[in-house]
Structures are given as structure tokens and as C-alpha cells.
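Enquirer:
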Amino acid sequence: MFSDFIELIGAFVLVLAILQITSDRLYFSIKVYAVQSFFVSISILSIGIYSSSFDLYVSSFLTLVIKTFIIPYALFKTIDEMKIKREIKAFVNITNSLLVISAIIIFTFLLTRYINIGGSVIAKEIFPISLSIIFIGAFIMVSRQKPITQLIGFLTLENGIMLVATSVTYGMPLIVEIGIFFDVIVGATMASLIIHHINHDIDDMDATSLSDFKE
Amino acid sequence: MQTLLMALLQFFIILGISPFIAGLMQKTKSLIRGSIGPSVFQPYFNIVKLMKKEVVLSNQSSYISIIAPYIVAVVPITVAGFLPVFDSNTLMSFSGDIIAMVYILALGTFFLALFGFDQGSSFGGLGSSREMTVASLAEPAFIMVIFTFALQSNSTNISHIFDSMRGDIFFNYPVSSTLALMALYFVTLAEAGRIPIDNPETHLELTMIHEAMILDASGRNLALLEIGSFVKTTIFLTLFSNIFMPLGFYDTNNIWTIGFSIFIYFIKMSTLGVIIAIGELTLAKLRYFRISDAMMFGFVLALISMVTYRL
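Below, the structure is given as C-alpha cells:
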């Protein structure tokens, strides 16, 4: 019953990851990311209650504060400063991305049936779900043109890693998790800075125009 | 005898509640916007008023315009006979299954589109063409959701599917069921013509889909078309509530438990109506050419739902 609840939350995270693919507005993407992080933090909290480990409570709290509030706030601020247009440019259009995503997810579910995880796993279905989220994040990173959506892809991927790490292994050591959070914050800040510079230097948000700098 | 009585009671409950749900959605939206809005029972008064008025038909129209409103109204009413509310013996449970139900509903959509074309006005044809596009995009997602539940319960009989949902299916397959739920929500919005797909309130020619088709209808014809659309919305919500909120009692002979089940059904339907109304207020209508993306989202969710169940 308890593992079913965790799988239910995991399914919501997966639905939000697919919804992320369909968005063509930056504001909407960031909102979807915030809600997704909220569900990830609930999932971590419930695993923490299940295995009664203090580290997971801290991790869940940090996820809630950093990923649901601080990073989306910083991204909103970046967008407002840039006056970026609302549309997201993509190499692959939305309908085709959805088809690719469905193939990826089906493949992931097939693949994980052949992987034998030793030890006691809390929620069996979380493993393929979070692996799919990692692949979806990677797909967003390669299929979008603007750096800010690529950043959102990276953050989605990181959510997937967080989910798989807590659900399969009862959480990492606290120091590693804090390191990961630090990584994400620094990554997001660096990316915002770089986006700012790209926008300032070449008056365009398109990452493809970076190849113009080649000699 | 008792079975027939129960079946008739369920049938009339679904028919009776359907204008109320439409009125409730309208009232919720008005209240949240800060206005008072028409009464919850306004759709009943509208239907009675329209029934008394005479029918005006365009001189371009053929016999299709005379028969189409009746077919559009009768098709969802027939389908209402398939759906259980508190007892698995429904009026039509001896014949047909959930796939038949889907395609009987498609017959109503077909005649509604014909009615739009038959008026000879450009709005009708425009609305019909859009409606058929949306219907053809929504159908794969819908049928895929149906297949998921048919696989999970090893049957395509509606009462049987609802019976096994009442068991533990939702918690046996949480991932599959959640994805199917989301997909069915999108299909419901598309088929009932609610906001991300179609705006039921506006008469702006750029955005209307359903309203464009019934623009030329008047009097009794308009009443019949409205009854058709109310009952269709209620059918989708009943399907939704029976699958995803399996509360209340089933197959009891005690009069009190039956009353309690009807009450629970009423609460479930009102909750869904309010949820959809709030969803309408928070979302903007999608551009017409983005509807395919929304429906593709529903289809992909339904597909993944089926595959995760089987794997």
C-alpha cells in the first residue's frame, strides 16, 4: 500500500515530465518544473517516513526550498531581465517529440525488466519511471535551441536522478546530497550568467548562432 | 421486475442530473469571476422554454436538418442506458460493450456535423470541419484508454469493468491508472467541448467549434441539440467517476444503501463539475493548431499506460 503511494507520486512526476515536452512557453515550462520538484520532494519525504531516516527529511526539505522556490524564482527573474520572447524554439516539433518520448519510455520500461536490482527495493516501478525522466531531460537538452530550455532539460534530468537515488538505495549520504544541491544551484546560476552574456553579446538567445564564432 | 426497475431508475438519474451539471459549471465560473450568474437550474428552464418555441429552418436545408437533432439527442440518451450508477444491471447491459458505446457516441457527432453543413451557412460548415478534426484526434486516445481498462479487467463489458475497478485495480497498477486518468481527462475536455479545446461560452467566429454548428438551430431543434450535449458531458463524467472514484455501494437491495449510493454519485459528479469549471478558469483556450499537440499528449499518456500495464 505504501509503495503504491510512492509509485503514484512517481507517475505524477512522469506525467509532468511529458507535459514539459508539450510546452511552448518559457513561463509554463518553469511552472511545470516547480510542480514537478514539489512532487519529487513529496516522494522523498514518503520514502523518508517509510525508512525513518533523518537524512531523507533534510533532503526533502532542501528539494522543496531550492527546487520549488529558489531556482524557479531565479529563472523567472532571468527571463524578465532578458525580455525573452515567449516561444520556445525546437529542432523537433512537439508532436514528433511526443512520439520519440513515448518510444523512449516504452524502451526504458522494457529494458528495466531485464535489470535485477539486489536487496529490497521500496517501490519497484519507480526505477523505470525515473530512468525515463532522465532520458526525457536529456532529450529536452538536445532538441531545444535556446539555452534556457536546455537548462530546464538539465534540471528535469537532475530530478530524475534524485528520484532514482532515493527510491532504489534508501537515499545517499547526506553530504553527497548537499553536494548535489550545491551543484544544481551553481549550475543554474552559471547557466543564467552565460545566458545573460550570450544575450548581451550576440543579441540573440539562440544557441545555434554560437557556432558562428567558429574560425 | 426489480432489476428492470433499478435499471430504469439509473437511466433517469443520469438523464435528470445532466442539465444540473451544466448549470453547476456555469454557476461556479460566475461565482469565481465575482458575478452572481444564472441559477443552477437555469438549463432546465431553457430546455422547457425552447421546447415551446417554433422551429425556423433555412430554406437551403434538406431533410437532414429535420432528423439530425433527434439523432443527436437520442444517441447519448441510448448510451446513458449502458452506464451503471449503483447497480451493475443496466438497461443495455445485455448487449454491446464499451467499444460499441464509443462508436455509438461517434454517430451522434457525425449527425451533428451533418446538421452544421446542412444549414448552408459558412459558420456551420466551419464548425463541422473543426469538430470532426477534434473528434478524430480525440478518438485514438479515448479508445486506447478503453483498451487499457479492458486489459486490466479482462473484459469489455462496461458493468464488469466498473466492478473490477471497485476492487483493487487502481492500487494494483498505480502508474498505469494515473496515466490513463490524465489521458481520459483530456479526452473528456475535447469531447465535451470544454476550455483548453473549445470555449462553450463564446460566439466569436474565430474560436467557436460546437457553437458554430448549432448557430442556426432554433426552438425544439436547439433544445434537442442542447440535451444531446448535456447528456454527452454527463456520460463522460460518469465514466470518469466510476473508474477513478469507485466509492459507494453496488448491487444492494437495501433501500437506504441505494439512496446513499445515489447521494455519493451526486457528490462525485458535482465535484468533477466544479473541478472542470475551475480548470476552465485557470487555463487559456489553446490555439486551434495546438489542439493536435494536446490530443497527442493524451494519446501518448494512454499508450504508455497500456504498455506499462502489459510489461
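As they're listed, the protein sequences go chains A and B. Everything in the first sequence is counted per the numbering used here, starting at 1 for the first residue and increasing by one. Everything in the second sequence is counted per the numbering used here, starting at 1001 for the first residue and increasing by one. Think of the CB as a built atom: it goes at the ideal place given N, C-alpha and C, for glycine as much as any other residue.
1) Restricting to Cα atoms, I'd like to know which of A:I115, A:F181, A:A17 and A:I117 is closest to L62 (chain A).
2) Starting from K1027 (chain B), trace the alpha helix (DSSP H) both ways and give me its first and last residue.
3) Quick one: is I95 (chain A) near chain B, going by C-beta distance under 8 Å?
4) So, Q1119 (chain B) versus S1058 (chain B), is the Cβ gap smaller than 8 Å?
5) Would you check if the distance between the CB atom of S1270 (chain B) and the CB atom of L1009 (chain B) is smaller than 8 Å?
6) With DSSP as the reference, please indicate the residues paired to A90 (chain A) in a beta bridge.
7) Under a CB-based cut-off of 8 Å, is S979 (chain B) close to chain A?
8) Closest to L1179 (chain B) by C-alpha separation, out of B:P1196, B:F1149 and B:H1203, would be which residue?
9) Mapping the DSSP letters down to three states, classify R25 (chain A) as helix, strand or coil.
10) Would you be able to state if there are at least three C-beta pairs under 8 Å between the region 1204-1216 of chain B and the region 1127-1137 of chain B?
11) I1071 (chain B) lies in the alpha helix (DSSP H); which residues open and close that run?
12) What is the DSSP secondary structure of L1286 (chain B), counted as helix, strand or coil?
13) Check whether the region 1283-1303 of chain B and the region 1181-1189 of chain B are in contact - that is, three or more C-beta pairs closer than 8 Å.
14) So, at 7 Å on beta carbons, what are the nonlocal neighbours of N1221 (chain B) in its own chain, with the 5 sequence-adjacent residues on each side left out?
15) Check distances from the C-beta atoms of the region 30-47 of chain A to those of chain B and list, in chain order, the residues that come in under 9 Å.
16) Taking Cβ positions, are E158 (chain A) and S59 (chain A) nearer each other than 8 Å?
17) What is the DSSP secondary structure of A223 (chain A), reduced to helix, strand or coil?
18) Could you check the C-alpha separation between I94 (chain A) and I21 (chain A) for me, to the nearest Å?
19) On the criterion of 16 or more Cβ atoms from any shown chain inside 10 Å, does M162 (chain A) qualify as buried, or is it exposed?
20) Drop a sphere of 10 angstroms on the beta-carbon of R144 (chain A), count the other beta-carbons inside from all chains shown, and report buried for 16 or more, exposed for fewer.
21) How many angstroms separate the CA atom of S97 (chain A) from the CA atom of I18 (chain A)?
22) Cα separation between I44 (chain A) and Y57 (chain A)?
Expert: From the atom records:
1) Ranking the options by Cα distance to L62 (chain A), first place goes to A:F181.
2) Per DSSP, K1027 (chain B) belongs to the alpha helix (DSSP H) from Q1002 to R1033.
3) As written in the sequence, residue 95 (chain A) is Thr, which differs from the Ile given in the question. True, the Cβ-Cβ gap to chain B drops below 8 Å.
4) When the beta-carbon positions are compared, Q1119 (chain B) and S1058 (chain B) come within less than 8 Å of each other.
5) No Cβ-Cβ contact shorter than 8 Å links S1270 (chain B) with L1009 (chain B).
6) Answer by DSSP bridge pairing, in chain order: A:R144.
7) The question about residue 979 (chain B) has no answer, for chain B in this structure spans 1001 to 1311.
8) Selected option, being the one with the closest Cα: B:F1149.
9) If DSSP states are grouped into helix, strand and coil, R25 (chain A) belongs with the strands.
10) Result yes; three or more Cβ-Cβ pairs closer than 8 Å.
11) I1064 to A1080 is the span of the alpha helix (DSSP H), which, as asked, contains I1071 (chain B).
12) Three-state DSSP puts L1286 (chain B) in coil, outside helix and strand.
13) Counting C-beta pairs with one atom in each stretch, the region 1283-1303 of chain B and the region 1181-1189 of chain B have three or more that are closer than 8 Å, which means they touch.
14) These residues qualify, in order along the chain: V1055 and P1069.
15) So nothing in the stretch comes that close.
16) No, the Cβ-Cβ distance between E158 (chain A) and S59 (chain A) is not below 8 Å.
17) Nothing in the structure corresponds to residue 223 (chain A), since chain A is present only between 1 and 215.
18) C-alpha separation (whole angstroms): 7 Å.
19) With 16 or more other Cβ atoms from the protein chains shown falling within 10 Å of its own Cβ, M162 (chain A) counts as buried.
20) The residue is buried, with at least 16 neighbouring Cβ atoms inside 10 Å.
21) In this structure, the alpha-carbon of S97 (chain A) lies about 10 Å from that of I18 (chain A).
22) Cα-Cα distance, rounded: 8 Å.
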